[in-house]
Amino acid sequence: MALHLPSSFLRTASSTFATASPRSLLASRAVSHRTIGLGHARLFSASAAAMGVHSKVFFEVTWQPLKGDSKPTGRINMTLYDDTPMTSENFRQLCTGDPGFGYKDSHFHRVIDGFMIQGGDFTRHNGTGGKSIYGERFQDENFKHKHTRPGLLSMANAGKNTNGSQFFITTVPLHYLDNRHVVFGEIADQESMDTVQEISKKGKRQDGKILDGKFVISNCGQIKEKKEDK
Numbered sequence: 001m002a003l004h005l006p007s008s009f010l011r012t013a014s015s016t017f018a019t020a021s022p023r024s025l026l027a028s029r030a031v032s033h034r035t036i037g038l039g040h041a042r043l044f045s046a047s048a049a050a051m052g053v054h055s056k057v058f059f060e061v062t063w064q065p066l067k068g069d070s071k072p073t074g075r076i077n078m079t080l081y082d083d084t085p086m087t088s089e090n091f092r093q094l095c096t097g098d099p100g101f102g103y104k105d106s107h108f109h110r111v112i113d114g115f116m117i118q119g120g121d122f123t124r125h126n127g128t129g130g131k132s133i134y135g136e137r138f139q140d141e142n143f144k145h146k147h148t149r150p151g152l153l154s155m156a157n158a159g160k161n162t163n164g165s166q167f168f169i170t171t172v173p174l175h176y177l178d179n180r181h182v183v184f185g186e187i188a189d190q191e192s193m194d195t196v197q198e199i200s201k202k203g204k205r206q207d208g209k210i211l212d213g214k215f216v217i218s219n220c221g222q223i224k225e226k227k228e229d230k
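Quick note on full-length UniProt numbering: the sequence shown kicks off at 1 and runs consecutively.
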């Protein structure tokens, strides 16, 4: 189902990506309430090589209602692409918390059923914050991968070269975001995709807000690959 979002949706956050057409996407950047520069983000170093090819990371997600007890939603396992090493390393370290900050205890602040789920704002928790391991913002690495199907990891941004920590997971193909947002990974298994879909189903509002609670990343990290016995 195609979603036609109001222009006000596009101006609610400094990190945004979403409308139902390329024209409205471009308009959103023109009317953004503030411009975020790249700043002095340091260039990617050889440290990313240590992450290994196709590193895997995970989120454990908990539903925290406004009233009542929290309950586990499920786990999301993700595979990070090795041909987007700078972007993948940023996401990996924000999962492990190695820089001293990261995704743990942040929540999915924008959820729209039949579209995507968005998170990664661990500084302001409302879609206007977040930062990368390289500085406040870093450049678009490449656009090798396209938004061709559900279950893809892509960077939310406020325009060219404004990647920070905010990301989204597709629940449908989103071709009009190609060459504007860096796709850097994918959901690793069906059980994880089921968790994404469960989160997505709570997103009934066009502004992506969930009013009766929030989905929190209660734990996250890197999945250590088991070494095969020789």
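A virtual CB, placed ideally from N, CA and C, is assigned to each residue, including glycine.
Where residue i sits in the DSSP three-state scheme
i	result
Tyr75	This sequence places Arg at residue 75; Tyr is not what is there. Residue state, collapsed to three classes: strand.
Asn126	coil
Arg137	coil
Val61	strand
Arg92	helix
His107	strand
Thr170	strand
Gln197	helix
Ser70	coil
Beta-carbon spacing of residue i, residue j below 8 Å
i	j	result
Ser154	Val111	no
Gly203	Cys95	no
Tyr81	Phe184	yes
Gln166	Gly102	no
Asp83	Lys146	no
Asp115	Thr73	It should be noted that the sequence gives Phe, not Asp, for residue 115. No, the Cβ-Cβ distance between Phe115 and Thr73 is not below 8 Å.
Ser132	Arg92	no
Residue i versus residue j: straight-line alpha-carbon distance, rounded
i	j	result
Tyr134	Leu174	28 Å
Asn163	Ala156	7 Å
Leu177	Ser70	34 Å
Ser106	Lys160	25 Å
Asn77	Ile187	6 Å
Gly68	Thr195	21 Å
Val57	Ile210	26 Å
Phe108	Lys226	30 Å
Gly130	Arg137	9 Å
Range covered by the alpha helix (DSSP H) that runs through residue i
i	result
Ser218	Ser218 -> not in any alpha helix (DSSP H); beta strand (DSSP E) instead, spanning Gly213 to Ile223.
Ser132	No alpha helix (DSSP H) holds Ser132; DSSP gives it neither H nor E.
Closer than 8 Å to chain B by CB, residue i
i	result
Ser200	The structure shown contains no chain B; it holds only a single protein chain.
message: Taking 8 Å as the cut-off, does the segment 60-78 touch the segment 196-216 (at least 3 CB pairs, one atom from each stretch)?
response: yes
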